[in-house]
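Residue numbers (the numbering used here): 283 to 433.
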């Protein structure tokens, strides 16, 4: 079709011969000029590449809107709980907003091992039958370290 027009036949005659609107031929001619380079615009290859990207963007925007709506509904259904906050002792950065009252005051023993002993595969069957100490009290006292509060 474009070859006929480029050969010098009028667009109306080509459109009548092919039984299609002349506007379709003009659109194809314009895209051919863009693909060839003299006219600015997106080439057919660029358009083919952008079409799936635009569909994906539309899909992601829809998912984002659904997520925002779900968050809005959850906020309406379950309002946030308010916690008493520590007023601080006047030091900069000492205010602990949102901290549970009394948190950090309980001493918790945390096992501290400088370096774990290497496990060798000399006799792997013995490793499977070895008892595993699950209680932290069985650890030697020098390996236990008192947890500190973050003040």
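We put the CB at the ideal spot given by N, CA and C, even for glycine.
Where residue i falls: helix, strand or coil (DSSP)
i: residue 363; result: coil
i: residue 284; result: helix
i: residue 289; result: coil
i: residue 322; result: coil
Unbroken alpha helix (DSSP H) run spanning residue i, endpoints
i: residue 295; result: 293–300
i: residue 306; result: 304–318
Close Cβ partners of residue i (< 6 Å) along its chain, the five nearest in sequence each way excluded
i: residue 322; result: none
i: residue 317; result: 325, 326
Residues near residue i by beta carbon distance below 7 Å, same chain, minus five either side
i: residue 355; result: none
i: residue 314; result: 284
i: residue 304; result: 293, 294, 297
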